[in-house]
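Peer 1:
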Amino acid sequence: MTTTTKPAAPVTATRSRRPGAGALALRQGRLEITQFLRSRESVVFTMGFPIIMILIFASIFHGEIGGGVKFTQYFITGMIATGLMTVSFQNLGIWIPVERDRGVLKRYRGTPMPKWVWFAGKVIMVVVIGIAETALLLAFAVALFDLDLPGTAGKWLTFGWVAVLGVIACTLCGIAISSLASTARSGSAVVTPVSLILQFISGVFFVFTDLPTWMQQVAALFPLKWMCQGLRAVFLPESFGAQEPGGSFELGRVALVLGLWCVIGVVVCLTTFRWTTKRDG
Amino acid sequence: MDDELAISVRGLRKAYGDNVAVAGVDLDVRRGEVFALLGPNGAGKTTTVEILEGYRHRDAGEVFVLGADPAHPDADWRSRVGIVLQGTGEFDELTVAEVIRHFSGFYPDADDPDKVIERVGLAAKAKARTHTLSGGQKRRLDVALGIIGRPELLFLDEPTTGFDPEARREFWELIRDLAAAGTTIVLTTHYLDEAEALADRVGVIAGGRLVEVAAPNRLGNRQEALATVSWRTPEGTLESAQSATPTAFVADLAARYGGEVPGLTVTRPTLEDVYLTMIGHAR
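Going down the list, the protein sequences come from chains A and B.
Taking our numbering, the leading residue of the first sequence gets 1, the next gets one more, and so forth.
Taking our numbering, the leading residue of the second sequence gets 282, the next gets one more, and so forth.
Take a look at the structure:
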């Protein structure tokens with residue numbers, strides 16, 4: 001039987017009391033932050049991890065790395081970078097599979113919310129928590145270990161763009177890697193080793209140039225190494241640049257690699273992101 | 282063009298690998314109608330409904346929901362369709378009021394969150410974190426999120442699973458209210474009494490096919506079915522007979538027994554009998 005009955009064309013909505021796109025993204029961000037702050041484990045582990053690490057490092061390594069620069073001044077860069085990676089890459093890579101498994105994402109997909117608003121909410125959450133966590137870490141380091149904060153506006157500017165670009169790259173990679181986990185529980189199994197290995201090879205726990213050359217080269221393929229290097233340009237004296245593998249802090253290359261990872265992250269997110277679990281079809 | 286149809290489906294097919302979940306379904310749902318898809322687990326109910334909701338892609342067939350193809354849902358279409366999925370999407374760290382208020386922001390013409398909370402019977406729990414809710418209360422929250430945007434068409438996938446009898450009655454009242462206000466409702470259920478209580482028409486789905494579509498009291502020609510008259514003989518054995526004219530049959534019996542017929546019952550097939558026969562044939 002062939003039939004020609006078709007329902008009516010949609011009636012165009014004329015009125016709209018819905019908040020504008022920007023406002024929608026902000027309230028999505030606020031919701032994500034509320035959820036994050038109310039989940040005690042996330043707060044303790046994400047916010048506390050870098051602080052605990054710097055406490056441990058400062059207790060192990062006393063003294064100077066050379067040139068009147070303390071070890072803590074060197075390692076703070078790795079701790080900031082690893083903190084930013086924890087709040088973005090690790091946090092999202094672990095939580096998005098949980099939300100997908102619970103059907104939270106499926107629920108959002110059933111509403112008229114524009115897809116990008118959900119991603120924007122995650123980015124806002126990561127940026128706000130990242131800033132708070134970094135500020136807390138710096139406050140601790142200044143109070144307990146006499147950390148020298150950057151002295152010039154130029155260095156703060158570098159701090160700003162390295163942190164922002166690094167966080168965006170890691171956020172996108174976190175969203176991208178979340179699609180690898182097939183169940184809620186496998187999120188941390190996928191993300192934790194990746195993030196741990198990157199921390200070891202990128203000079204978070206060691207002086208980067210002390211690592212074997214091949215390891216340095218592997219690390220140079222990933223964002224964390226470049227985040228650490230960019231932050232060293234902020235927290236260490238100019239003269240330390242000469243000890244970097246490239247003979248300087250290579251800020252141009254830092255921007256290039258982090259920017260490239262942002263592009264890779266966007267492409268992978270757009271092509272592989274799943275709102276439902278695999279068994280949901 | 283037929284403005285009267287909220288949903289129109291022709292030749293819908295969907296397979297997962299070798300497993301054919303939906304094997305050619307034709308279906309029309311009129312605007313303002315309450316339509317129940319009844320069927321055993323694995324019959325294809327959820328797959329069918331999720332295709333209509335725009336969650337799954339079909340392999341073949343023509344589907345129109347509110348005049349548009351749900352395979353390409355846009356924001357306008359989404360704002361006119363309410364969805365209550367099978368138990369999903371918990372926001373453990375948020376309160377009932379926070380979740381409902383947040384979702385109300387997605388819709389151009391959302392209902393008042395407090396009114397909706399009241400309506401689904403969660404007023405006492407408005408400030409409770411959602412993880413403290415009971416199964417039935419979580420389901421009410423699901424329903425609240427389904428109706429917050431004042432949908433023209435509401436999908437409910439097994440909405441009362443896990444409800445106690447009283448909660449089910451209350452829920453049925455809510456559905457009747459929504460239907461009375463003109464909302465088209467498509468619900469899946471495996472409870473026969475629910476389909477009978479709520480639906481204008483019931484579609485029985487089994488083995489991926491729509492076996493029959495009819496008003497609940499007409500399903501399987503229930504009204505025309507032969508009645509079974511049974512009674513006891515003076516010796517105490519149970520007798521029964523099928524009859525198209527049970528009244529005459531009973532009058533006859535009464536005459537034979539000279540008055541009261543011992544152990545007399547007259548029954549027609551229940552919805553359950555009809556349903557079990559139908560899904561039995563489909564297997």
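Even glycine gets a Cβ: it sits at the ideal position worked out from N, Cα and C.
Quick check on B:W512: does DSSP put it in helix, strand or coil?
Peer 2: Correct three-state label for B:W512: strand.
Peer 1: Can you check whether the C-beta of B:G313 is within less than 7 Å of a C-beta belonging to chain A?
Peer 2: B:G313 does not count as touching chain A.
Peer 1: Output the distance between the C-alpha atoms of B:Q523 and B:P550, rounded to the nearest integer angstrom.
Peer 2: About 11 Å.
Peer 1: Just how far apart, CA to CA, sit A:V104 and B:L552?
Peer 2: Cα to Cα, A:V104 sits roughly 37 Å from B:L552.
Peer 1: Spatial neighbours of B:E371 within its chain, please: CB distance less than 8 Å, with the 5 preceding and 5 following residues excluded, ordered by chain position.
Peer 2: So the qualifying residues of the chain are T411, H412, K419.
Peer 1: In chain order, what residues of the stretch 326-342 of chain B put their CB closer than 9 Å to some CB of chain A?
Peer 2: Flagged, chain order: T328, E331, E334, G335, Y336, R337, H338.
Peer 1: Leaving out five residues before and five after B:A525 in sequence, what residues of the same chain have Cβ atoms less than 7 Å from its Cβ?
Peer 2: Around B:A525: L507.
Peer 1: With distances taken from CA atoms, which of A:F222, A:M113, A:K70 is nearest A:A25?
Peer 2: Of the candidates A:F222, A:M113, A:K70, the one whose C-alpha sits nearest the C-alpha of A:A25 is A:M113.
Peer 1: Is B:N300 helix, strand or coil when you go by DSSP?
Peer 2: Of the three classes helix, strand and coil, the one that applies to B:N300 here is strand, per DSSP.
Peer 1: For A:M113, decide whether its Cβ has a neighbour in chain B, counting only Cβ atoms nearer than 7 Å.
Peer 2: Judged by the 7 Å Cβ criterion, A:M113 is in contact with chain B.
Peer 1: Jot down the residue ranges of each uninterrupted alpha helix (DSSP H) in the stretch 20-97 of chain A, minimum 4 residues, whole runs only, in chain order.
Peer 2: Qualifying alpha helix (DSSP H) stretches, in chain order: 21-38, 48-60, 71-85.
Peer 1: For chain B, is any of its Cβ atoms less than 7 Å away from the one on A:P97?
Peer 2: So, not an interface residue.
Peer 1: Going by Cα to Cα distance, which pick from A:T111, A:A23, A:V44, A:E99 is closest to B:D357?
Peer 2: Considering only alpha carbons, the answer is A:T111.
Peer 1: By the criterion of Cβ-Cβ separation under 8 Å, what are the contact partners of A:T276 in chain B?
Peer 2: Here the neighbours are Y336.
Peer 1: Below 7 Å CB to CB, which residues in the same chain sit around B:A409 once its five sequence neighbours on both sides are set aside?
Peer 2: Closer than 7 Å at Cβ, skipping near neighbours: T376, V377.
Peer 1: What do you get for A:F140, buried or exposed, if any count of 16 or more other CB atoms within 10 angstroms of its CB means buried?
Peer 2: So A:F140 ends up on the buried side.
Peer 1: On the DSSP letters alone, give me the boundaries of the alpha helix (DSSP H) that A:A233 sits inside.
Peer 2: First-last of the alpha helix (DSSP H) with A:A233: 223-235.
Peer 1: Skipping 5 residues on each side, what residues in its chain have a beta carbon closer than 7 Å to that of B:I364?
Peer 2: Excluding positions up to five away in sequence, the list reads E334, G427, F436.
Peer 1: Can you grab the Cα-Cα spacing for the pair A:T2 / B:G305, in whole Å?
Peer 2: Note that A:T2 has pLDDT 44, beneath the 50 cutoff, so the model's placement of it is unreliable and the number below is only indicative. Near 14 Å, if we compare the C-alpha coordinates of B:G305 and A:T2.
Peer 1: For B:K295, which three-state DSSP category applies?
Peer 2: Strand, per DSSP.
Peer 1: I want to see whether chain A comes within less than 7 Å of B:G463, judged by CB atoms only; does it?
Peer 2: B:G463 does not count as touching chain A.
Peer 1: Show which residues of chain B have a CB atom less than 9 Å away from the CB atom of A:S186.
Peer 2: Simply none; closest approach about 19 Å.
Peer 1: Alpha carbons only, please: which of B:V531, B:F384, B:V301, B:Y556 is nearest the one belonging to B:L545?
Peer 2: Ranking the options by Cα distance to B:L545, first place goes to B:V531.
Peer 1: Find the residues of chain B that neighbour A:R253, judging by a C-beta separation of less than 9 Å, and give them in chain order.
Peer 2: By Cβ distance, chain B contributes nothing, its closest Cβ being about 41 Å from A:R253, past 9 Å.
Peer 1: Kindly indicate which three-state DSSP category B:E493 falls into: helix, strand or coil?
Peer 2: The answer is strand: DSSP assigns B:E493 an E or B state.
Peer 1: Name the one or two DSSP bridge partners that B:G363 has.
Peer 2: Beta-bridge pairing links B:G363 to B:L435.
Peer 1: For B:L414, which residues from the same chain have a beta carbon less than 7 Å from its beta carbon, with the 5 sequence-adjacent residues on both sides left out?
Peer 2: K406, L422, listed in sequence order.
Peer 1: Just to check my reading of the structure: A:D231 and A:T134 have Cβ atoms closer than 8 Å, yes? What is that Cβ distance to the nearest angstrom?
Peer 2: Per the sequence shown, the amino acid found at residue 231 of chain A is Leu instead of Asp. Actually they are not in contact, since the Cβ atoms of A:L231 and A:T134 sit about 10 Å apart, beyond 8 Å.
Peer 1: My parser needs the alpha helix (DSSP H) runs of 4 or more residues fully inside the stretch 152-197 of chain A; what are they?
Peer 2: You should have 153-178.
Peer 1: Can you tell which of A:G151, A:V162, A:G63 has the C-alpha that lies nearest to the C-alpha of A:E250?
Peer 2: Ranking A:G151, A:V162, A:G63 by Cα distance to A:E250 puts A:V162 first.
Peer 1: Looking only at its own chain, which residues have a Cβ that is under 7 Å from the Cβ of B:G443, when we skip the five neighbours before and after it?
Peer 2: Here the set comprises G416, G417, R420.
Peer 1: Whose Cβ in chain B lies nearer than 8 Å to the Cβ of A:T34?
Peer 2: Within chain B, the residues near A:T34 are E374, L375, E379.
Peer 1: Which residues share a DSSP beta bridge with B:V397?
Peer 2: The partner list for B:V397 (beta bridge, DSSP) is empty, contrary to what the question assumes.
Peer 1: With distances taken between CB atoms, is the gap from A:T86 to A:F57 smaller than 7 Å?
Peer 2: No. Outside cutoff.
Peer 1: State the DSSP-derived secondary structure class of B:T465, mapped to helix, strand or coil.
Peer 2: DSSP places B:T465 in strand when its eight states are reduced to three.
Peer 1: Could you tell me the alpha carbon to alpha carbon distance between A:M227 and A:G83, rounded to whole angstroms?
Peer 2: So the alpha carbons of these two residues sit roughly 11 Å apart.
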